[in-house]
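Encoded as structure tokens, the structure appears first; notes follow it.
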Amino acid sequence: MDRIFSPKERELVRLLQDDIPVTASPFADIAAAVGLTEDEVLEKVREWLADGTIRRFGAMVRHQRLGYKANSMTAWDVPEERAEEVGRILSAASEVSHCYQRPRAEGWNYNLFAMIHAATPEGCNEVAAALAEKVGIEEYELLFSSREFKKISMKYFAEQD
Numbered sequence: 506m507d508r509i510f511s512p513k514e515r516e517l518v519r520l521l522q523d524d525i526p527v528t529a530s531p532f533a534d535i536a537a538a539v540g541l542t543e544d545e546v547l548e549k550v551r552e553w554l555a556d557g558t559i560r561r562f563g564a565m566v567r568h569q570r571l572g573y574k575a576n577s578m579t580a581w582d583v584p585e586e587r588a589e590e591v592g593r594i595l596s597a598a599s600e601v602s603h604c605y606q607r608p609r610a611e612g613w614n615y616n617l618f619a620m621i622h623a624a625t626p627e628g629c630n631e632v633a634a635a636l637a638e639k640v641g642i643e644e645y646e647l648l649f650s651s652r653e654f655k656k657i658s659m660k661y662f663a664e665q666d
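Quick note: the sequence shown uses this note's numbering, first residue 506, plus one each step.
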């Protein structure tokens, strides 16, 4: 769907894609900066989520600053009929920041992936073992991060009108 954004909507997108203010009323603060009410901002975000203009709205946590120095993308071999169930369980773990399903690749029989964060690599192994027991899946691999290359979101309407 092609959409024409008004100047206020463009400014709202610019503000929403940056860090949300850490205040008692962040959306009221954003609304004031754009010249809208808090309710108008929240309604616009709901509208954009509903029509697919925004696919998701979330927070990016800098896990290293919180003391999580080890990160492991854990690849799981899950029967297709259990993928949604297992994915929900894995993603509910506090040590898992994101979880997603992908098609199996030739020579790589894993289809569910969960990013585990812990203070140490051993901690990641312990979390994965506990999750494996919880979901009843024995086939998984931990792929440890050795370097982080990018942790920024795409920017839209970055130009100044």
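We treat Cβ as the ideally placed atom computed from N, Cα and C, and that holds for glycine.
Here the structure is a predicted model, which means the values were calculated and not measured.
Burial state of residue i (16 or more Cβ within 10 Å)
i, result
"residue 633", "buried"
"residue 542", "exposed"
"residue 511", "exposed"
"residue 600", "buried"
Spatial neighbours of residue i in its chain, beta-carbon cut-off 8 Å, leaving aside the 5 residues before and after
i, result
"residue 603", "596, 619, 620"
Cβ pair residue i, residue j closer than 8 Å
i, j, result
"residue 598", "residue 636", "yes"
"residue 520", "residue 535", "yes"
Spatial neighbours of residue i in its chain, beta-carbon cut-off 7 Å, leaving aside the 5 residues before and after
i, result
"residue 592", "604, 606, 617"
"residue 626", "575, 649"
As assigned by DSSP and simplified to three states, the class of residue i
i, result
"residue 547", "helix"
"residue 616", "coil"
"residue 601", "strand"
Beta-bridge partners of residue i, as assigned by DSSP
i, result
"residue 680", "Absent from the model: residue 680. The displayed extent of the chain is 506 to 666, so no value can be given."
"residue 581", "617, 645"
"residue 610", "613"
"residue 576", "622"
Close beta carbons around residue i, own chain, < 6 Å, minus the five adjacent residues each side
i, result
"residue 580", "615, 618, 646"
"residue 518", "661, 662"
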